[in-house]
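Here is the structure we will look at, set down as C-alpha cells.
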C-alpha cells in the first residue's frame, strides 16, 4: 500500500492514497509533470539574444569594412559570420522554451537562417568578383539584418 506522511510531528504514517490519486501520480511520472521546458530557459535565451545582437553588430561592421563595391579581402570574415549564424541557430534549436516564447524563438531562428543564406551569397559574390551579385546580396542581407535586430531586441521572451 502507498502511504503519505501525516502532518503531525511524530513522523507516523498517514492513511493510504486513494486509487485515483495514485493514478494521477503515476500518470504524472509516466508523461512528465508539466511542459518539457528548461527551467533555465529565460536566462539562457536572453544570453543567446545578446549574442545575436553582438553578431548583428559584427555583420554591420564587416559590411562597412567591405565597402560599397565589396573588398574580397573580407571574404573570410563573411564565411566566419555565416558559420556563427549556424551555431547560434543550433543553440536556439536546442532550447526548450515555454509556449509563450516559442514563436519568437522560431522567428529568431528563421531570421538567422535567412541572414546566413545572405552571407553565403555575399561570400560567393566576393569570391566570383561579381559586382552585380554583391550589390543584390548586400541589399538582401541589410534587409534581413534589420529584421534580425528587431527580433533580437524584442521583449516577447521571458
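Residue numbers (my numbering): 2 to 159.
All C-beta atoms in this analysis are idealised placements derived from N, C-alpha and C, irrespective of residue type, glycine included.
- Non-local C-beta neighbours of residue 115 in its own chain, meaning closer than 7 angstroms and more than five positions away in sequence, comprise 145, ordered along the chain.
- Going by DSSP, residue 90 is part of the alpha helix (DSSP H) stretching over 76 to 94.
- A direct Cα-Cα distance of roughly 8 angstroms separates residue 135 from residue 122.
- Annotation for residue 122: the continuous alpha helix (DSSP H) segment containing it runs 100 to 129.
- Taking the CA atoms as reference points, residue 75 sits about 11 angstroms from residue 60.
- Only residues of its own chain outside the window of five on either side were considered, and among them 64, 123 have a CB closer than 7 angstroms to the CB of residue 139, listed in chain order.
- By the C-beta criterion, the segment 146 to 154 is judged to be in contact with the segment 97 to 112, since at least 3 inter-stretch pairs fall below 8 angstroms.
- With contacts defined as CB atoms closer than 8 angstroms, residue 86 and residue 127 fail to qualify as a contacting pair.
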